[in-house]
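One structure is given below, encoded as structure tokens.
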Amino acid sequence: MLIGHRAWLDREDFLALAVECLDDGVRPMAALDWAVAVAALDTDRLPCSGSDAQMLRLAAGIAGGVPVDLGDALSGLDRRNAALVAAAVLQATGHPGLSAWPTGAGVR
Numbered sequence: 003m004l005i006g007h008r009a010w011l012d013r014e015d016f017l018a019l020a021v022e023c024l025d026d027g028v029r030p031m032a033a034l035d036w037a038v039a040v041a042a043l044d045t046d047r048l049p050c051s052g053s054d055a056q057m058l059r060l061a062a063g064i065a066g067g068v069p070v071d072l073g074d075a076l077s078g079l080d081r082r083n084a085a086l087v088a089a090a091v092l093q094a095t096g097h098p099g100l101s102a103w104p105t106g107a108g109v110r
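Under the working numbering, think of the first position of the sequence shown as 3, with each following residue one higher.
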């Protein structure tokens with residue numbers, strides 16, 4: 003979801019604060035400290051737009067178990083970000099190939 007959102011992973015302040023680079027000798031990896039990232043949002047150490055904050059909070063909730071107010075975090079998301087969230091929820095629930103819109107549901 004954060005990769006698709008394309009805001010956070012290009013920010014040096016976010017990377018320095020909440021991302022730890024790991025090396026298992028085979029491939030580079032990274033670990034995110036979701037609680038630190040959200041705490042930084044809450045204390046204005048990661049200034050950002052409202053939608054960027056929403057996406058980071060939602061990612062922290064899905065991937066890191068950080069409590070998130072879904073009403074605030076989902077309200078007003080644009081179509082692209084809503085689709086990223088829906089795909090992340092489907093992935094997290096074990097349904098990565100499932101469409102967010104059931105076939106024949108008449109929803110567009």
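We put the CB at the ideal spot given by N, CA and C, even for glycine.
Quick caveat: nothing in here was measured; it's all calculated off a predicted structure.
Let me check understanding here. Comparing Cα to Cα, which of Leu86, Leu72 and Asp35 lies closest to Leu19? Asp35
Assign Ala33 to one of three DSSP states: helix, strand, or coil. strand
For Gly108, collect the residues of the same chain with a Cβ closer than 6 Å to its Cβ; drop the 5 residues on either side in sequence, then sort them by chain order. At Gly108, the pLDDT of 47 sits below 50, so the modelled position is not reliable; the number obtained from the coordinates is stated separately. Cβ neighbours of Gly108 beyond the five flanking positions: none.
Cβ pair Ala62, Ala39 closer than 8 Å: yes
So is Ala94 buried or exposed if we call it buried at 16+ other beta carbons inside 10 Å? exposed
How is Leu79 classed by DSSP in three states: helix, strand or coil? coil
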